[in-house]
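To keep things clear, I will list the structure first and then write my remarks on it.
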Amino acid sequence: MKDRKPHLDGDVGDISPAIFREQLHRLADWIADYREKIETLPVAPNAKPGAIIGALPKQAPEEGEPFEKIFADIESLIVPGMVHWGHPMFLGYFGWTTTAPGILGEIITAPLNVNAMTWRTSPAATELETLVIDWLRQWMQLPREFDGVVYDTASVGVMHALAVAREEAAPFARKFGLAGRSELPRFRVYASDQGHSSAEKAAIALGLGEENVQRVPCDAEFRMDVAALRDMIARDLREQFKPLAAIATVGTTSTASVDPVPEIAKICREHKMWLHIDGAYGAGLALLPEQKWVTAGWSEADSLVVNPHKMLFVPLDFSVLYMRDLERLRRVFTLVPEYLRGDTVEAEKNYMDYGVQLGRRLRALKAWVVWRAFGREGLAARIRDHLRLTKLLAEWIENDERFELSAPVVMGVVCFRFKAGEDDEKIDMINSKIVERINASGRAYLTQTKLRGRTVMRIGLGNILTTEEHLRNVWELIQSSVGEVAASLMERRALLRP
Ligand code: PLP
22 MKDRKPHLDG DVGDISPAIF REQLHRLADW IADYREKIET LPVAPNAKPG AIIGALPKQA
82 PEEGEPFEKI FADIESLIVP GMVHWGHPMF LGYFGWTTTA PGILGEIITA PLNVNAMTWR
142 TSPAATELET LVIDWLRQWM QLPREFDGVV YDTASVGVMH ALAVAREEAA PFARKFGLAG
202 RSELPRFRVY ASDQGHSSAE KAAIALGLGE ENVQRVPCDA EFRMDVAALR DMIARDLREQ
262 FKPLAAIATV GTTSTASVDP VPEIAKICRE HKMWLHIDGA YGAGLALLPE QKWVTAGWSE
322 ADSLVVNPHK MLFVPLDFSV LYMRDLERLR RVFTLVPEYL RGDTVEAEKN YMDYGVQLGR
382 RLRALKAWVV WRAFGREGLA ARIRDHLRLT KLLAEWIEND ERFELSAPVV MGVVCFRFKA
442 GEDDEKIDMI NSKIVERINA SGRAYLTQTK LRGRTVMRIG LGNILTTEEH LRNVWELIQS
502 SVGEVAASLM ERRALLRP
């Protein structure tokens, strides 16, 4: 007989309830401590690629190990190797955030572990999903004809939206595909040069071809140039392409600019094109009554995607695709194999019918917990505060003559650049090095991007823990890094000189 393993009840079955309870209590304290002390951790590790995996056992475990041992590795190897996205000085990408209600929602979801594929397999999961989708629809003032489905990401959302656009422009694409059908034209999809690369990914997956995603130039404020869109469509029509869809972005990835949706909608109407609105980041702004401008033209869209895990405080991942008349989406994706028929009743809402995924985890509960805990007013107040901080940072930048704003400040994103000097390439390098230096220090985390060919620094605000003091500290860090970076570049050049 084998030695008895003290952490298990027996050789089969789960961990014993008493041990599990004790582990959970420990974990509850660990989670609370992590949140309370997150600020004392380096925001990002200074690890070399391969260092973490190198410190972990190579061999898959033949025998089970006690949780204490597993947890010791989590504390000593995994956590120190993390970028702490919930850290108040994490200002990269969009300021998506960890929240206490969000963590609670995730914890409650874990033991339920349901599969939300059909109503029968998970009635409460399905109905909660329908409910939170409708709450968000109302908050975003989308007309009633819009209904939605929760996916993991906006990239998956746009793929499904374009699949419906494709089916409607190329009937029976679902059944026969596109290949070998000489009656079909080549389709074109238009997005601005600031729009997200998920458009190309969708075109790759749908057999539309990434080259058929045409990038429309932007105006001085990084919004799609509508005249250029018209010209591109006219050119494509002359060349026998068929304009299929336009993607208008509300909150572009680099600068959070907003495309002129009403004008794009007009063009879509004229050419019978699908209008998809990519509001992955920016659509959340609609929760603020004073920011209603952002919703202009939405009611004319065929589809709109929003990632509440970006601006609306829901933990990653939670993305909603809305579609005018969601039945259009169901028609393209419903498919019921025999082994699911018993649990699939047509009259019931079966979310597996609305996309390629069959198994679907319960995402709605965490959104429901967070949105109930804060309420629309609480969400709006927090977003408002992030906008206040964003404006404040923009003011500090404008008041330091060595720096300039690189794009208008529209939402919780500031793009800016150290500008002092003659040599553009050297200035690019200084901007890039400032970001690298700060990130490597573990004291804060920002990102960089290119605008009009020049490197700029980028700060995204939206973390619930970030205060004015944190922002002031980051700004001082940036200011003090300039001299150090410039000096080290000069030194290196001097050393490299023959
Ligand atoms: N659209 C925009 C404007 C984005 O900024 C992003 C990601 O940041 C996406 C789409 C893709 O989002 P996801 O990561 O959910 O696929």
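Read left to right, the sequence shown gives residues 22 to 519 (our numbering). Just so it is clear, CB atoms sit at the ideal spot from N, CA and C, and this is done for glycine as well.
Which residues bound the alpha helix (DSSP H) around residue i?
{"i": "H292", "result": "From DSSP, H292 is part of no alpha helix (DSSP H); its letter is neither H nor E."}
{"i": "Y55", "result": "38 to 58"}
{"i": "I418", "result": "385 to 419"}
{"i": "M450", "result": "445 to 462"}
{"i": "I480", "result": "Run containing I480: none in the alpha helix (DSSP H); it sits in the beta strand (DSSP E), 475 to 481."}
{"i": "L258", "result": "247 to 259"}
{"i": "T468", "result": "Here T468 belongs to no alpha helix (DSSP H); instead the beta strand (DSSP E) covers 468 to 472."}
{"i": "E221", "result": "219 to 226"}
{"i": "Y360", "result": "359 to 362"}
{"i": "L342", "result": "Element bounds for L342: not the alpha helix (DSSP H) but the beta strand (DSSP E), 340 to 345."}
{"i": "F437", "result": "Counting along the chain, F437 falls outside any alpha helix (DSSP H), though it belongs to the beta strand (DSSP E) covering 434 to 439."}
Can you find a heavy atom of the ligand PLP that lies under 7 angstroms from the Cβ of residue i?
{"i": "N484", "result": "no"}
{"i": "H217", "result": "yes"}
{"i": "S176", "result": "yes"}
{"i": "Y466", "result": "no"}
{"i": "G481", "result": "no"}
{"i": "Y343", "result": "no"}
{"i": "D214", "result": "no"}
{"i": "S340", "result": "yes"}
{"i": "N328", "result": "yes"}
{"i": "Y302", "result": "yes"}
{"i": "G272", "result": "yes"}
{"i": "D257", "result": "no"}
{"i": "D168", "result": "no"}
{"i": "D299", "result": "yes"}
Any Cβ of chain D within less than 8 angstroms of the Cβ of residue i?
{"i": "W51", "result": "Among the chains of the structure shown, chain D does not appear; only one protein chain is present."}
Cα separation between residue i and residue j?
{"i": "I485", "j": "K331", "result": "12 angstroms"}
{"i": "P519", "j": "K69", "result": "Since pLDDT at P519 reaches only 46, below the 50 mark, its modelled position is unreliable, and no value is offered."}
{"i": "Y328", "j": "R397", "result": "Per the sequence shown, residue 328 should be read as Asn rather than Tyr. About 16 angstroms."}
{"i": "V506", "j": "C436", "result": "19 angstroms"}
{"i": "V104", "j": "F88", "result": "24 angstroms"}
{"i": "G272", "j": "P281", "result": "11 angstroms"}
{"i": "G305", "j": "A401", "result": "9 angstroms"}
{"i": "W117", "j": "V434", "result": "12 angstroms"}
{"i": "L408", "j": "F193", "result": "46 angstroms"}
{"i": "R47", "j": "A277", "result": "41 angstroms"}
{"i": "I129", "j": "V135", "result": "11 angstroms"}
{"i": "R209", "j": "N233", "result": "5 angstroms"}
{"i": "I59", "j": "I225", "result": "40 angstroms"}
{"i": "G363", "j": "T139", "result": "10 angstroms"}
{"i": "R438", "j": "D323", "result": "38 angstroms"}
Take residue i as the anchor and find which of the options has the nearest alpha-carbon.
{"i": "R352", "options": "Q162, V177, A184", "result": "A184"}
{"i": "V326", "options": "E83, R47, Y172", "result": "Y172"}
{"i": "E150", "options": "L383, P336, P63", "result": "L383"}
{"i": "L482", "options": "V431, T476, F439, Q500", "result": "V431"}
{"i": "E497", "options": "W417, L163, I40, V390", "result": "W417"}
{"i": "T270", "options": "S97, A220, P429, W156", "result": "A220"}
{"i": "L333", "options": "A394, G228, E348", "result": "A394"}
{"i": "L152", "options": "L386, G198, D257", "result": "L386"}
{"i": "S501", "options": "G230, N233, R458, Q378", "result": "R458"}
{"i": "L379", "options": "P358, T61, S278", "result": "P358"}
{"i": "S320", "options": "F167, P429, E127", "result": "F167"}
{"i": "K454", "options": "S509, K471, A465", "result": "S509"}
{"i": "E311", "options": "I285, M161, V237, C289", "result": "M161"}
{"i": "E242", "options": "S213, E84, N134", "result": "S213"}
{"i": "D246", "options": "G230, I288, D257", "result": "I288"}
{"i": "I254", "options": "V279, R290, E422", "result": "R290"}
{"i": "E446", "options": "V315, A465, A121, G474", "result": "G474"}
Since residue i and residue j are thought to touch, with beta carbons under 8 angstroms apart, how far apart are those beta carbons, to the nearest angstrom?
{"i": "S176", "j": "K222", "result": "6 angstroms"}
{"i": "Y492", "j": "L414", "result": "The sequence given here places Leu at residue 492; Tyr does not occur at that position. Going by Cβ atoms, the distance from L492 to L414 rounds to 6 angstroms, so yes, they are a contact pair."}
{"i": "D299", "j": "H217", "result": "6 angstroms"}
{"i": "H297", "j": "V179", "result": "6 angstroms"}
{"i": "N452", "j": "T476", "result": "5 angstroms"}
{"i": "G34", "j": "I73", "result": "Their Cβ separation, rounded to whole angstroms, is 32 angstroms, which puts G34 and I73 out of contact at 8 angstroms."}
{"i": "V390", "j": "L125", "result": "6 angstroms"}
{"i": "G228", "j": "L205", "result": "Contact flag wrong, Cβ pair sits at about 11 angstroms."}
{"i": "E520", "j": "R141", "result": "This structure leaves residue 520 out entirely; the chain is present only between 22 and 519."}
{"i": "V456", "j": "L467", "result": "5 angstroms"}
Could you give the residue range of the beta strand (DSSP E) that holds residue i?
{"i": "Y211", "result": "207 to 213"}
{"i": "V185", "result": "Taken as a continuous stretch (DSSP letters only), V185 belongs to no beta strand (DSSP E), being part of the alpha helix (DSSP H) at 175 to 190."}
{"i": "A267", "result": "262 to 270"}
{"i": "V353", "result": "Premise fails: V353 lies in the alpha helix (DSSP H), 348 to 354, not in any beta strand (DSSP E)."}
{"i": "D94", "result": "Where D94 is concerned, there is no enclosing beta strand (DSSP E), although the alpha helix (DSSP H) it sits in stretches over 88 to 94."}
{"i": "L157", "result": "Segment 144 to 160 is the alpha helix (DSSP H) holding L157; no beta strand (DSSP E) there."}
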